[in-house]
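Taking the working numbering, the leading residue of the sequence shown gets 56, the next gets one more, and so forth.
Virtual Cβ for every residue (Gly too), placed ideally from N, Cα, C.
As the structure is a computational prediction, the values presented were derived from the model and not from experiment.
Written out below as structure tokens is the structure these notes cover.
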Amino acid sequence: MFRRCSATERSRYCAVTLRLQGIDLDRLDCRLREQQVNNRYDRRMVLETINFANHDLHAWGCNVFKWAVATIREGNASEAYRALTGISAIGDKLATFYLRDVVLVEGIEAQIRGADYCYFQPVDTWVEQVARSLWTLQRADLGRTLIVKRKLIEACLAAGVSPLLFNVGAWMVGANAYRLLLEML
């Protein structure tokens, strides 16, 4: 089982931690504006992410990946999801995309409880289109993320297919289908 960092391991991240602690967030906001990061939501996301790492991730050496792995392995996917979506401009799609990839990189899908699959299932137009062509998603379901997620997860599990790998494949097919079609013409 993944464990929190020991004191020795945390010391390896000391430089990162000190840099995070030493950041003046007001000055950083001004600096981001100077560098033409003009979208205030993007700036706010950067500031809140640094604040999250600085205040909530010390036990994991301020490492969001290690924190996510440990939280998922402990059966707290909903906690990881809520923490990420609590950061400005990180919504369902970004949080689930990140958590899905953490699970796939670490190979810990077997530790996901059925009800928690929704925290690892990013849904966008590409995933919806592929799912609609393969299953009986109703027209009324489109754009209703929770319903689409539930139907995708149920169909994948019933077919013995990884909902996470299906999601990656559906996105790849959907995102590249138009370009591939044009190349074939």
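Distance between beta carbons of residue j and residue i, contact taken as under 8 Å
| i | j | result |
| --- | --- | --- |
| Val157 | Ile127 | 7 Å |
| Leu207 | Gln166 | Contact doesn't hold; Cβ gap of about 20 Å is too wide. |
| Asn106 | Cys117 | No, Asn106 and Cys117 are not in contact; Cβ-Cβ is about 11 Å, not under 8 Å. |
| Ser133 | Asp171 | 7 Å |
Nearest candidate by alpha-carbon position, reference residue i, set the options
| i | options | result |
| --- | --- | --- |
| Ala138 | Ile167, Asp111, Gly198 and Asp97 | Asp111 |
| Leu219 | Leu235, Thr180, Leu192 and Cys173 | Cys173 |
| Glu161 | Leu189, Lys206 and Val124 | Val124 |
| Gly146 | Gly229, Tyr96 and Arg234 | Tyr96 |
| Trp190 | Asp179, Asp171 and Ala214 | Ala214 |
Reduced DSSP secondary structure (H/G/I, E/B, other) of residue i
| i | result |
| --- | --- |
| Trp181 | helix |
| Asp79 | coil |
| Glu161 | helix |
| Arg187 | helix |
| Val92 | coil |
Between the CA atoms of residue j and residue i - distance to the nearest angstrom
| i | j | result |
| --- | --- | --- |
| Arg199 | Ala210 | 17 Å |
| Asn231 | Glu238 | 11 Å |
| Glu129 | Trp122 | 11 Å |
| Gln193 | Leu212 | 19 Å |
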